[in-house]
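Residue numbers (the numbering used here): 313 to 548.
The C-beta atom is built at its ideal place from N, Cα and C for all residues, glycine as well.
Note that the structure is a prediction, hence the values are computed from the model and not measured.
Structure representation (structure tokens):
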């Protein structure tokens, strides 16, 4: 179901939409699946249903020197698969309730165009231990509900500037574009692990206790920081 309305003689457009989707035959691994050197790994799979629902809102300015849009989406993605999470529903990894996008473009000359795009997403759902116990010198994690935690929120700013080399009236067009992905170098985590921290010599460094048992600390793996690029485009 959707709704669209214009304001100020179509200088501003507002739209909203609500949605609900039901998915069948969704696949996930069972709790405590044996993933390592398992020749029958398909036996670790379980099948069930997923549902996604939410609402989208967008405000656009399609004309003028400055154009752009502001978008916001609230959504939920839930799975229910027998054999996982005690048969109770749980958030899917791609369950990211808040999604914000802001785009601004400036195009006031024949040759130059500038744009900026900012994105914000709730962190993906992950399963983290609720505690650890030690058995025969090894730390063993204790897990609660599936996807009981989240990665840090994802956000980045992308910038671009384009120079149109020739006049628009020509049969062919060519341009030079410089862009900067993730301009402020945000390190957005894509996964999390729980490790014992060691130095270059293999000695545990932080944290430790007086009994010689070493605590587990969370660490994350992040995507690359700022990435510049230069592109030449030719159209005919």
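- No residue range can be given for residue 484, since it is assigned to no beta strand (DSSP E) and is classified by DSSP as neither H nor E.
- Contact between the segment 401-419 and the segment 373-383 is present: three or more C-beta pairs spanning the two stretches fall below 8 Å.
- Of the residues assessed, residue 402 falls on the buried side of the cut-off, its CB having 16 or more other CB atoms within 10 angstroms.
- Bridge pairing for residue 496: absent [DSSP].
- Here residue 329 carries a strand assignment [DSSP, helix/strand/coil].
- Using a Cβ distance threshold of 9 Å, residue 394 and residue 372 do not count as a contacting pair.
- Less than 9 Å divides the Cβ of residue 405 from the Cβ of residue 437.
- Residue pairing from DSSP places residue 432 in a beta bridge opposite 412 and 467.
- Contact annotation: residue 339 and residue 347 have beta-carbon atoms that are not nearer than 9 Å.
- Residue 535 holds the alpha-carbon nearest to the alpha-carbon of residue 503 among 429, 336, 365 and 535.
- The three-state reading of DSSP puts residue 353 in helix, counting H, G and I together.
- Straight-line spacing of the CA atoms in residue 374 and residue 324 works out to 7 Å.
- With respect to residue 474, residue 538 sits apart: the two C-beta atoms are not nearer than 9 Å.
- Distances from the CA of residue 476 to each of 463, 443, 420 and 429 were compared; the closest alpha carbon is that of 420.
- Judged by DSSP secondary structure, residue 445 falls within the beta strand (DSSP E) whose first and last residues are 441-447.
- Excluding the 5 residues flanking it on each side, residue 330 has same chain C-beta neighbours closer than 7 Å at 313 and 367, in chain order.
- Here residue 545 is exposed: its Cβ has fewer than 16 other Cβ atoms, across all protein chains shown, within 10 Å.
- In this structure, residue 342 sits away from residue 362, with a CB-CB distance that is not shorter than 9 Å.
- Between residue 471 and residue 492, the C-beta gap is smaller than 9 Å, which places the two residues in contact.
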